[in-house]
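Protein chains in written order, with the numbering used here: chain A, 1 to 103; chain B, 104 to 608.
Glycine included, every Cβ here is placed at the ideal spot set by N, Cα and C.
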């Protein structure tokens, strides 16, 4: 019990962020029309590409002679960039089609 | 100063993610929303590269060449892939990119674990001692919280990666549905093993830090722990494969959405690990939004999430059997020229686009047919089922690509009100969304799913390539009803022939 309370008070800032973000996430897309489910999924997909920041930190911290970390980190950066760039471009392409309503 | 600017960058990132996601949920602002989020992401990434300083050593990042070449290579491949992909292949692409994110999260965990293992699971912390110039270095065991995050990132990331790859293969048609008896039990056993092994390893690592005197013993311990760590990785990958393998057909989008939210959580684990708020907020935001999106999609198909995950109706073992054996009677075929006549002299035509149209990329031909009929004074509209196409909303994207006017697209409820006054319904490669069994047959696996009531119209013309059942693997009574005529062939070819025929009338 004491350990749990200590953990709560040590990490309270993060716990607050997590709880608030869960509500924000649910609230923000609460009443989205089914028309937009695919682009929204794809857009959210691009946003979780934020994991690339972790990949950059890992890569940037790796020692110059630790080839295992360098190679894996490099791979992580490439994959993370794919996720971010690909995700945003694909979403943009989909949404571009919604825009043009001539006539 | 530099550090505060980085904090500002992360703040901008987090806020733009929220605003971007909010704007994405409205058709009018969606495109701008996507750009807003992308801009925020760029700020956060560039800020990290140039301003990040290690908490403990205060060092800046190095290996810039590696980082930039990674960014350039990933950027080029990502842009090309995203630009080249056909609109109909969108679900595969989303799944593939999602898998990349999951793999990225898992790799981070692997590297960080290797890092800690090399140090004997000790953390060296620099303590600044008041006004004294020297720093004191303190050795501490790795915190349990850090270990939990590393394991969580590893497990969730690799499940998401392996699952997404299978989903990608399935949507591509390269991987077939596969299920064996008791698979759910096997899956649960794997999951429990993964969790149990992780708890054991975390406990073991904590214990091994205490016994630091005996160097060879510690080295042995670390080697043993590392092997088991890779065991957890392997099991997580296997679990990801088994998890998605039996799920088929119309349920795939739900799974992709679920894996999407998994990757979000995996990214958030990275946020915990580096105490990085933008990763944390971005990850949790997507995790929460993705979970809700998953539930919304399930609702659109009138199924529960649990049902999707264990009910696997695409497997064919339970679904196809009962329906196929039933004597359905005969179906009636119709020729292109008859179809052309019926449609030209109708007052009101309703087009029901489905998977067949998406696969044949017939959206442009479809729009052409619509314009042609309009020119002859026929009222043409489209009835869009929420899960038409290959993903929710996918059909709207396809038709928008072909410049179909937005006002012509009717949602399911609207369309159902209009079928009774419709002369001809043209079903283009849709199966399950027009299957009356969803309303009448309680034994049917799709029972309860809201469908388009096309049988209310005076004539129903169904275009399919063959009599093979659709995604859900069940027969459709609609095809055998007296009002219904079958028009066999590839959707695009049939539409083109139809257009030529109508022009000749």
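According to the DSSP assignment, residue 10 of chain A belongs to the alpha helix (DSSP H) that extends over 2-10.
When the Cα atoms are used, residue 135 of chain B and residue 579 of chain B turn out to be separated by approximately 42 Å.
Closest in C-alpha terms to residue 111 of chain B, from the list B/155, B/123, B/500, comes B/155.
In the DSSP annotation of this structure, the continuous segment of the alpha helix (DSSP H) that includes residue 172 of chain B starts and ends at 167-187. DSSP places residue 556 of chain B in the coil class of the three-state scheme, outside both helix and strand. Judged by DSSP secondary structure, residue 567 of chain B falls outside any alpha helix (DSSP H) and instead within the beta strand (DSSP E) spanning 562-567. Inclusion of residue 460 of chain B and residue 487 of chain B in the CB contact set at 8 Å is not warranted, their separation being larger than that value. Residue 252 of chain B and residue 583 of chain B have their C-alpha atoms spaced approximately 57 Å apart.
Residue burial is scored here from C-beta neighbours: residue 413 of chain B has fewer than 16 other C-beta atoms within 10 angstroms and is therefore classed as exposed. DSSP places residue 219 of chain B inside the alpha helix (DSSP H), whose first and last residues are 193-221. Pairing residue 281 of chain B with residue 348 of chain B, the inter-Cα distance amounts to about 6 Å. DSSP, read as helix, strand or coil, puts residue 520 of chain B in helix. Among the residues of the segment 18-43 of chain A, those with a Cβ less than 8 Å away from any Cβ of chain B are 18, 21, 22, 23, 24, 25, 26, 28, 29, 30, 31, 32, 33, 34, 35, 36, 37, 38, 39, 40, 41, 42, 43, in the order of the chain. Residues of chain B whose Cβ lies closer than 9 Å to the Cβ of residue 6 of chain A do not exist; the shortest such Cβ separation is about 11 Å. A distance below 8 Å separates the beta carbons of residue 218 of chain B and residue 69 of chain A.
Look at residue 587 of chain B here: in three-state DSSP terms it is strand. Distance from residue 479 of chain B to residue 526 of chain B at the Cβ level is roughly 13 Å; contact not present, criterion being Cβ atoms closer than 8 Å. In this structure the segment 42-51 of chain A lies against the segment 83-93 of chain A, because at least three pairs of beta carbons, one per stretch, are closer than 8 Å. Nearest CB-CB separation between residue 96 of chain A and chain B: below the 8 Å threshold. Partner residues in the beta bridge of residue 453 of chain B, as assigned by DSSP, are B/484, B/528.
Close partners of residue 366 of chain B in chain A (Cβ separation under 7 Å): 48. Sequence-distant partners of residue 379 of chain B (beyond 5 residues in either direction) whose C-beta falls short of 8 Å from its own C-beta, in its chain, are 113, 373.
From the listed residues B/533, B/204, B/550, B/436, the smallest Cα separation to residue 454 of chain B is found for B/533. Membership of residue 164 of chain B in any alpha helix (DSSP H) is not indicated, and neither H nor E is assigned to it by DSSP.
In chain A, no part has a C-beta under 9 Å from the C-beta of residue 191 of chain B; the shortest such distance is about 12 Å.
DSSP places residue 134 of chain B within a helical segment (H, G or I) once states are collapsed to three. For the C-beta of residue 140 of chain B, the chain A residues within less than 8 Å are, from N- to C-terminus, 43, 46, 47, 88. Linking residue 481 of chain B to residue 509 of chain B through their CA atoms gives a straight-line distance of about 18 Å. It is roughly 6 Å from the alpha-carbon of residue 42 of chain A to the alpha-carbon of residue 197 of chain B. Assigned with DSSP and collapsed to three states, residue 513 of chain B falls in strand. Going by beta carbons, residue 397 of chain B and residue 360 of chain B fall inside the 8 Å limit. Check the Cα spacing between residue 185 of chain B and each of A/76, A/40, A/92, A/77: the tightest is with A/92.
Annotation: the continuous alpha helix (DSSP H) that includes residue 71 of chain A extends over 67-81. Under the Cβ distance rule, residue 65 of chain A does not count among the residues neighbouring chain B, no pair being separated by less than 8 Å.
Among the CB atoms of chain B, none fall inside 8 Å of the CB of residue 15 of chain A. The C-beta of residue 1 of chain A comes no closer than 8 Å to any C-beta of chain B.
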